[in-house]
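Residue numbers (the working numbering): 173 to 500.
This is the structure:
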């Protein structure tokens, strides 16, 4: 096994994108937007597209590989056809699958993505796997993201691994269950993070905060331990905070019109980690990230639009005049 720049750790899934054209967006009494179809009826759909070997961490491993880094994935899939298809897809994308385990008697995670207009609602179900870091060699970076509901002991194992391998840096992009666990239970993961990623709404959920003031949110997340915090805000751009320099940054989006938004956040976060793993500064990394994110949302699924370094540089060379990072 070659030296690994980025080892992504997290659940791998198959996404079935179901394109709907006969639906509505309604609001419930809480003001939340709801995807509505006619109950008890036959609802036509436009198309279905299957995307193998996706999920936050799998997407990050492919992103790093496309950008020229040596990447690997630690994940678990079933010993079914879907699991084997995921392995093939990862290997075709240059991802080292040494730590991707086919677990006997288990099903590969399979999600249904209801795609309507530019956004999607995902029906999710995670299988229970026996996670372990046994036999793992220390990479330069660990990229940790979404894991199943019974993975708490594994998080403690990761924290212990980082203590024993201080040369390995941790990037943390929490998934749904990790946010549900809360910042106190995962305090060892937060405190050992070199860099942390989430969007504005997720930061509010983690902190129990109602304010959308970005400087407040950035500093509050940083107080949990991460050395660098990046919070994305959709088309409004993204914000970064480097605790070592005490600089805060704002980076606008690269101009585009999305087709389908799955994987935008994964592309953003993984591109920043990939850039920093090659020695780039946070400021430079934040100019790369919106380009990869922009490209991903021009395609169906989280991986088709991921760029090579050459393609990313071409977009950079054509960037509009106002596409610049700002210190705030």
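Glycine residues also receive a C-beta, built at the ideal position from the N, C-alpha and C atoms. Given the structure is predicted, the values throughout are model-derived calculations rather than measurements.
Check this for me: beta carbons of residue i and residue j, under 8 Å apart or not?
i           : j           : result
residue 478 : residue 234 : yes
residue 348 : residue 207 : no
residue 472 : residue 221 : yes
residue 317 : residue 228 : yes
residue 367 : residue 272 : no
residue 245 : residue 180 : yes
residue 241 : residue 177 : yes
residue 396 : residue 353 : no
residue 423 : residue 408 : no
residue 459 : residue 488 : yes
residue 247 : residue 183 : yes
residue 350 : residue 358 : yes
residue 237 : residue 265 : yes
residue 420 : residue 497 : no
residue 461 : residue 480 : no
residue 270 : residue 254 : no
residue 381 : residue 390 : no
residue 276 : residue 251 : yes
residue 379 : residue 403 : no
residue 310 : residue 356 : no
Look up residue i in the DSSP assignment and say whether it is helix, strand or coil.
i           : result
residue 176 : coil
residue 282 : strand
residue 379 : helix
residue 479 : coil
residue 349 : helix
residue 443 : helix
residue 419 : strand
residue 159 : In the structure as shown, the chain begins at 173 and stops at 500. Residue 159 is therefore absent and cannot be evaluated.
residue 199 : strand
residue 548 : Residue coverage of the chain in this structure runs from 173 to 500, which leaves residue 548 outside it and unanswerable.
residue 407 : helix
residue 494 : coil
residue 241 : coil
residue 229 : helix
residue 315 : strand
residue 260 : helix
residue 335 : helix
residue 221 : strand
residue 365 : strand
residue 193 : coil
residue 448 : helix
residue 290 : coil
residue 309 : coil
residue 321 : coil
residue 473 : coil
residue 187 : strand
residue 300 : coil
residue 412 : strand
Identify which residue in the options has its Cα closest to the Cα of residue i.
i           : options            : result
residue 217 : 205, 267, 287, 243 : 287
residue 430 : 445, 454, 469      : 469
residue 185 : 211, 419, 467, 282 : 282
residue 492 : 426, 449, 467      : 426
residue 249 : 237, 486, 262      : 262
residue 274 : 435, 302, 500      : 302
residue 224 : 379, 259, 403, 464 : 259
residue 190 : 204, 434, 384, 447 : 434
residue 448 : 321, 341, 211      : 341
residue 312 : 356, 320, 334      : 334
residue 231 : 307, 187, 383, 175 : 187
residue 371 : 355, 393, 356      : 393
residue 343 : 490, 315, 483      : 315
residue 483 : 239, 204, 383      : 239
residue 210 : 336, 202, 198      : 198
residue 175 : 308, 495, 486      : 308
residue 428 : 490, 467, 319      : 467
Since residue i contacts residue j with CB under 8 Å, what's their CB separation in whole angstroms?
i           : j           : result
residue 296 : residue 327 : Not confirmed; about 19 Å, so no contact.
residue 298 : residue 321 : 7 Å
residue 226 : residue 243 : Contact doesn't hold; Cβ gap of about 15 Å is too wide.
- [ ] For the stretch 467-482 and the stretch 368-380, state whether three or more C-beta atom pairs, one from each stretch, are separated by less than 8 Å.
- [x] no
Open item on the list: Does the structure place the stretch 194-208 close enough to the stretch 434-451 that three or more beta carbon pairs sit under 8 Å?
Closed with: Taking a cut-off of 8 Å for Cβ pairs, the stretch 434-451 and the stretch 194-208 do not touch, as fewer than three such pairs fall below it.
Open item on the list: If contact is defined by three or more beta carbon pairs under 8 Å, each pair taking one atom from either stretch, is the stretch 442-462 in contact with the stretch 408-415?
Closed with: yes
Open item on the list: I want to know whether the stretch 357-366 touches the stretch 383-401 - three or more CB-CB distances under 8 Å.
Closed with: yes
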